[in-house]
Every structure is written in structure tokens, then in C-alpha cells.
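The numbers in the numbering used here rise by one with no breaks, and the one at position 90 of the sequence shown is 108.
To start, the structure under review is shown below, and the notes come after it.
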Amino acid sequence: LPNAVRVHGDTRYTTSRAIADWAWNEGVLTGDGLGLATGRSFPDALAAGVHLSVSRSPVILMDEVTGDAKAWLDSSHGRFGRIIVLGGVVAVSHETEFDAKAALRTP
19 LPNAVRVHGD TRYTTSRAIA DWAWNEGVLT GDGLGLATGR SFPDALAAGV HLSVSRSPVI
79 LMDEVTGDAK AWLDSSHGRF GRIIVLGGVV AVSHETEFDA KAALRTP
């Protein structure tokens with residue numbers, strides 16, 4: 019592919035955030051939604067990716083809000099106005115949802 023860009027991270031979790039950052043900076047993503055899906059299983063993220071693409075919003079893989087995930091959410095303050103949790107509480111726990119929302123609210 020001519021002009022192909024490789025976007026990656028050390029893990030599937032950091033790769034999902036790197037892709038979201040790249041797409042945001044390139045103007046591909048402009049929506050205010052953020053999808054959270056588990057990184058342990060792909061169906062929720064796969065199905066939601068199509069849905070969120072309509073609103074030009076990313077899907078991030080996140081099983082818990084660890085230090086690097088919290089730092090990414092903190093740096094995204096003001097970018098996302100809503101979080102869409104994909105899958106049930108077995109996929110993304112209430113605690114992870116709460117922590118993600120709290121990190122996005124903290125300037």
C-alpha cells in the first residue's frame with residue numbers, strides 16, 4: 019500500500035490507544051463518544067467498532083484502569099463526552115467503567 023502508516027503499541031491495549039490517538043490527530047475520529055471493550059475477547063469490540071464508526075468515535079480495549087490507561091484517559095480530558103461500555107459486567111466491570119469515567123472528568 020502506498021503511504022501506509024504502521025500504528026502499534028506493546029500490547030493490544032496500548033495499540034488500541036495508539037490507533038485512537040493517530041486517528042484523532044489525523045481527523046479521522048471527531049466524535050465525542052468512547053467505547054470501552056474487553057481485550058480478552060473480540061466480539062464486543064468487533065461489533066461495536068462498526069456502530070461507533072458511524073459517530074466517528076474509537077473503541078479502546080480496557081480490562082482495568084491501570085497506570086498507563088489512566089494517564090491516557092487523563093490526557094483525553096475534554097475529548098470524550100460519553101463512554102459506551104461494550105458487553106456486560108463480566109466483560110467490563112462496573113469498577114473499570116467508574117474509574118474510566120472519573121479519569122475523563124479529572125482535568
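A virtual CB, placed ideally from N, CA and C, is assigned to each residue, including glycine.
Runs of beta strand (DSSP E) with 3 or more residues, each lying fully within the stretch 52 to 79, are found at 77 to 79, listed in chain order.
The continuous stretches of beta strand (DSSP E) do not include R97, and DSSP gives it neither H nor E. About 4 Å separates the CB atoms of S75 and G51; that is less than 8 Å, so the two are in contact. By the CB criterion at 8 Å, A87 and V77 fall outside the cutoff. Per DSSP, the continuous alpha helix (DSSP H) segment holding S93 begins and ends at G85 to S93.
No residue range can be given for H26, since it is assigned to no alpha helix (DSSP H) and is classified by DSSP as neither H nor E. Spatial neighbours of H26 in its own chain (CB-CB distance under 7 Å, excluding positions within 5 residues in sequence) are listed in chain order as T33 and A36.
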